[in-house]
Every structure is written in structure tokens, then in C-alpha cells.
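FYI, in the working numbering the residues of the sequence shown are 1 to 134. The next block holds one structure in the form of C-alpha cells; read it before the comments.
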Amino acid sequence: MFGFKKKKKEVPKEVPKEMPSLSEEECTRLQQEIKKLEQELASCEESEKQAKLFEQIGLDYGDLDEIEQAISALENSLAHKESIGDGYKRLMSLYNRKRGEAARKGDDQGIDYYMGKMDDMRQIAKKVTINGNN
Numbered sequence: 001m002f003g004f005k006k007k008k009k010e011v012p013k014e015v016p017k018e019m020p021s022l023s024e025e026e027c028t029r030l031q032q033e034i035k036k037l038e039q040e041l042a043s044c045e046e047s048e049k050q051a052k053l054f055e056q057i058g059l060d061y062g063d064l065d066e067i068e069q070a071i072s073a074l075e076n077s078l079a080h081k082e083s084i085g086d087g088y089k090r091l092m093s094l095y096n097r098k099r100g101e102a103a104r105k106g107d108d109q110g111i112d113y114y115m116g117k118m119d120d121m122r123q124i125a126k127k128v129t130i131n132g133n134n
């Protein structure tokens, strides 16, 4: 009735999901889009527009699985305008991924670094939510 003395079922371990690889055409299209956005960014002076351009560049780099470039672009986006849109979500996901990699390597310093980054992101979310800016 309550499950006492019953044999527990083994739960299969989760296999990490691999991101589907992009076709060569999709990679080329994303790289061309990044170049176009970077050119547009070079001539843009409006901070909010720069934030959107950096965000899109970061999302595209993330799609290409170029993690360091994606993180850099998304951090620049948040530096220009704090928001909790797609760029925020992707950056949080990338930080969590990097933290996981550090944990698998036993890199305590890396774990602390990315936990700190994730804490900073939560503070941004709190601030944006309280101020009502998105």
C-alpha cells in the first residue's frame, strides 16, 4: 500500500542532449547575418539599438555554438540596456552550461565564477522586473 519493502525501480540516467548540428547552408547564413549586424553596429550610435544588435549577434553566435563570442556579445547587449528577453535567457543558459563544464572538470574556481555571473543575472532580472523595463 505505501511502498514499504517494495523493490525500487531503477531510473535510467539522463543522457545529455546534443544540440542538433546546423547544415552548412544555415551556418553560412548565420555568419553572413553576423557580418551584416556587425557592420550596422559600427555605424550605430543609439544605445538601445546597439543593445538589440549585440543581442542578435549573440543569439546567432549561440546558434553556431560559438560560446565565448555569444557570451561576449550578449554581455555587451546587457551593458547597453538591461532587459530580460531572449538574449538574457540565452546568456543565463550559456553561463549554466559553462558552470556545468567547470563542474565536470572539477574546476572550483570556474564553478564559482559562473555562479557569480548567474547571480549577477538574477540581480538584473530583479531590477528590470521592479522597474518595469523590458
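Glycine residues also receive a C-beta, built at the ideal position from the N, C-alpha and C atoms.
Proximal residues to residue i (C-beta, below 8 Å), its chain only, five neighbours per side dropped
i     : result
GLU40 : LEU53
VAL15 : Only weak support is given to the placement of VAL15: the predicted model assigns it a pLDDT of 44, under 50, and the question is left unresolved by the model.
Span separating the alpha-carbon of residue i from that of residue j
i      : j      : result
THR28  : ARG99  : 29 Å
LYS126 : LYS89  : 14 Å
LEU94  : GLU26  : 21 Å
ILE57  : GLY106 : 31 Å
Start-to-end residues for the alpha helix (DSSP H) that takes in residue i
i     : result
LEU22 : First-last for LEU22: undefined, no H or E at that position.
LEU78 : 67–80
GLU55 : 47–63
Simplified DSSP assignment, three categories, for residue i
i      : result
ASP120 : helix
The ligand NAP heavy atom lying under 7 Å from the CB of residue i
i     : result
LYS36 : What this structure holds is no ligand at all, so the ligand NAP is not there to describe.
Cβ-based neighbour list, residue i, same chain, cut-off 6 Å, excluding 5 preceding and 5 following
i     : result
GLU82 : ILE124 and VAL128
LEU22 : none
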